[in-house]
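Chemist:
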């Protein structure tokens, strides 16, 4: 699994979770939200003002990850799953997977 984010001209680190293991909400919090998303979100809030997080409806974006984001006062916007016409970063994932030989 790969994760990345951007806000204006600011981009996050690109995070790779190796293997084909299923990433549940707990793993997502521990490997993405806590070490990467929270610091990135704070950086963007400082630079651009209050920000909202956009995530699709994947199960890992629910449950424990919602609780963790709420504890950190991160606003989110519900977004349709895998909607490249609505979510700008979705258009990049196929290119990244192709480059890595994962398709």
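Residue numbers (full-length UniProt numbering): 1 to 103. For each residue, glycine too, the CB sits at the ideal point set by N, CA and C.
#1: Could you tell me whether the Cβ atoms of residue 27 and residue 52 are closer together than 8 angstroms?
#2: Just the Cα atoms here: how many angstroms apart are residue 97 and residue 2?
#3: Enumerated in chain order, which unbroken segments of the alpha helix (DSSP H) with a length of 4 residues or greater are wholly contained in the UniProt domain "Tc1-like transposase DDE" (26-100)?
#4: Report the three-state DSSP secondary structure of residue 23 (helix, strand or coil).
#5: Nearest by alpha-carbon distance to residue 22: which of 67, 60, 100 and 39 is it?
#6: Helix, strand or coil: which one does DSSP assign to residue 2?
Modeler: The short version:
#1: In the chain shown, counting from the first residue as 1, residue 27 sits at position 27. In the chain shown, counting from the first residue as 1, residue 52 sits at position 52. Residue 27 places its beta carbon 8 angstroms or farther from that of residue 52.
#2: Stepping through the chain shown from its first residue, residue 97 is reached at position 97. Stepping through the chain shown from its first residue, residue 2 is reached at position 2. Computed Cα separation, rounded: 9 angstroms.
#3: Look at the UniProt domain "Tc1-like transposase DDE" (26-100) and you find these whole runs of alpha helix (DSSP H), each 4 residues long or longer: 38-48, 64-71 and 90-100.
#4: Residue 23 sits at position 23 when you count from the first residue of the chain shown. Secondary structure of residue 23 (DSSP, three-state): coil.
#5: Reading the chain shown from its first residue, position 22 is the one you call residue 22. The shortest C-alpha separation from residue 22 is found at 60.
#6: Residue 2 sits at position 2 when you count from the first residue of the chain shown. In the three-state reduction of the DSSP assignment, residue 2 falls in the strand class.
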